[in-house]
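Using the numbering used here, read the sequence shown as starting at 1 and increasing by one per residue. The structure under discussion appears below in the form of structure tokens.
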Amino acid sequence: MTLFKLTLANIKMYLRDRQALFWAFFFPLLLMTVFGVMNFEGSGKLTLGVVNLSPSPAAGEFVSSLEKSESLDIKKDSRENEEAALKKGDRDAVMILPEDFLADPTKTSPYAIKVLVNKGRPQQSGTALSVLGSIFSEMERNMTQKPKLFAIETEDVAARNLRYIDFVVPGVVALSIMQLSIFGIGFTIVEYKRKGVMKRLFVTPLKPLDFTLSHVIMRLMVSIFQVSILFAVAILVFNVNVLGSFAALYFFVILGGLLFLSFGFALAGISKTEDALQGLTQVFVFPQMFLGNVFFSTDAMPEWLQKIVVYMPLNYLSDAIRKISTEGAGIMDLQRDILGISVWIIIGFILAIKLFRWREAANS
1 MTLFKLTLAN
11 IKMYLRDRQA
21 LFWAFFFPLL
31 LMTVFGVMNF
41 EGSGKLTLGV
51 VNLSPSPAAG
61 EFVSSLEKSE
71 SLDIKKDSRE
81 NEEAALKKGD
91 RDAVMILPED
101 FLADPTKTSP
111 YAIKVLVNKG
121 RPQQSGTALS
131 VLGSIFSEME
141 RNMTQKPKLF
151 AIETEDVAAR
161 NLRYIDFVVP
171 GVVALSIMQL
181 SIFGIGFTIV
191 EYKRKGVMKR
201 LFVTPLKPLD
211 FTLSHVIMRL
221 MVSIFQVSIL
231 FAVAILVFNV
241 NVLGSFAALY
251 FFVILGGLLF
261 LSFGFALAGI
271 SKTEDALQGL
281 TQVFVFPQMF
291 LGNVFFSTDA
301 MPEWLQKIVV
311 YMPLNYLSDA
321 IRKISTEGAG
331 IMDLQRDILG
341 ISVWIIIGFI
351 LAIKLFRWRE
361 AANS
């Protein structure tokens, strides 16, 4: 009964705080709208998947020359993986080099080169075919006098046209969960310290567990409501199509909320003033905001940096929400993200228990 009353009181106080409501609801909506209106799609490079089935060294040299092209972003993998990436919308086209490609210098018949194009991106696919056509025409002029050495066969693949807004909405949702949890609980606790609320609560029969749980439950409820509003706007205004289930989505909202709430309590435990807390939270939040797979894919980062940022807490959350939204992934498909978030939750809880002590918070 005490826990219920405390949670209800926290909700009422939260709803009266206009600044908290702005940062929890209107700012994420504003952020999502800005990135939705500003089209960041297309960095000037076309993403081309290359499947090289030829053992010829000349074929390898050809692929290496493609990687130097300023207009192509080359991805190399197996046909199965490249086709899967094409269907997800991660490739504009996939080129398959046959087993005999450049293997026989005396060959007179054309090499049959299959190019799978993204049916959902006709403009990018057409540009990719034009670029490849120019490259092969230049090779024909340099290698032989015959008019046709390469024959490009195109095949349309029903792939999803993943827009930038489809990418950024899950990132904004994950970022909002982190900010609501870290800033919300952190500044609330520090304000309680400054106003002497913690000291007065300490001399009451209130159990520390009830106090903590009431804030956790309230923040999780706000997070669920916040995420619902963000996705509702994304669906109604920007025509974002959520392929996965909202049950899986809310599961990760709760996991993410627990993760960042634990760090919020830990940071509040070592901060005596709001200025000190603000500095600590900026150190924790800002690197993840720009490196946590929120606004831009980590694939665009240097390889050495990708190996680091992939372990960031926000990266796991944004990756899970994005896969649910854009790929229709279920909970069982996201075991890596669940494991990563769970490890960070354990770390956060240990830090919160060590750093946020009821007696010390009351006496500070």
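Even for Gly, the Cβ is constructed at its ideal location relative to N, Cα and C. Remember, it's a predicted structure, so these values are computed and weren't measured experimentally.
Other residues of its chain near residue i: CB distance less than 7 angstroms, five sequence neighbours each side excluded
| i | result |
| --- | --- |
| residue 305 | none |
| residue 127 | 46 |
| residue 192 | 198 |
| residue 79 | 51 and 96 |
| residue 59 | 52, 97, 101 and 102 |
| residue 2 | 210 |
| residue 289 | 175 |
| residue 270 | 355 |
| residue 185 | 215, 219, 261, 264, 265 and 268 |
Assigned secondary structure, residue i (DSSP; H/G/I helix, E/B strand, else coil)
| i | result |
| --- | --- |
| residue 273 | coil |
| residue 95 | strand |
| residue 366 | There is simply no residue 366 to check, as the chain begins at 1 and stops at 364 in what is shown. |
| residue 206 | coil |
| residue 295 | coil |
| residue 311 | coil |
| residue 242 | coil |
| residue 139 | helix |
| residue 102 | coil |
| residue 17 | coil |
| residue 59 | helix |
| residue 9 | helix |
| residue 302 | coil |
| residue 365 | Outside the modelled stretch of the chain, which goes from 1 to 364, sits residue 365, for which no answer is possible. |
| residue 265 | helix |
| residue 352 | helix |
| residue 328 | coil |
| residue 126 | helix |
| residue 89 | coil |
| residue 186 | helix |
| residue 200 | helix |
| residue 194 | helix |
| residue 322 | helix |
| residue 336 | helix |
| residue 219 | helix |
DSSP beta-bridge partners of residue i
| i | result |
| --- | --- |
| residue 72 | 46 |
| residue 52 | 97 |
Neighbourhood of residue i by C-beta, 6 angstroms cutoff - its chain only, sequence neighbours within 5 removed
| i | result |
| --- | --- |
| residue 337 | 316, 319 and 320 |
| residue 256 | 177 and 317 |
| residue 76 | 50 |
| residue 258 | 345 |
Supposed close pair residue i, residue j - CB separation, criterion 8 angstroms
| i | j | result |
| --- | --- | --- |
| residue 66 | residue 94 | Their Cβ separation, rounded to whole angstroms, is 13 angstroms, which puts residue 66 and residue 94 out of contact at 8 angstroms. |
| residue 244 | residue 329 | 6 angstroms |
| residue 231 | residue 242 | 6 angstroms |
| residue 48 | residue 91 | 7 angstroms |
| residue 331 | residue 248 | 5 angstroms |
| residue 313 | residue 344 | 4 angstroms |
| residue 220 | residue 24 | Not confirmed; about 13 angstroms, so no contact. |
| residue 187 | residue 274 | 6 angstroms |
| residue 171 | residue 295 | 6 angstroms |
| residue 217 | residue 250 | Contact flag wrong, Cβ pair sits at about 14 angstroms. |
| residue 214 | residue 7 | 4 angstroms |
| residue 72 | residue 118 | Incorrect: roughly 15 angstroms between the Cβ atoms, too far for contact. |
| residue 277 | residue 173 | Actually they are not in contact, since the Cβ atoms of residue 277 and residue 173 sit about 24 angstroms apart, beyond 8 angstroms. |
Residues near residue i in its chain [Cβ-Cβ closer than 8 angstroms; skip 5 each side]
| i | result |
| --- | --- |
| residue 284 | 182, 263 and 267 |
| residue 167 | 297, 322 and 326 |
| residue 240 | 165, 166, 169, 231, 234 and 325 |
| residue 99 | 53, 54 and 55 |
Test: residue i CB closer than 8 angstroms to a CB of chain C
| i | result |
| --- | --- |
| residue 340 | Within the model displayed, chain C is absent; a lone protein chain is all it includes. |
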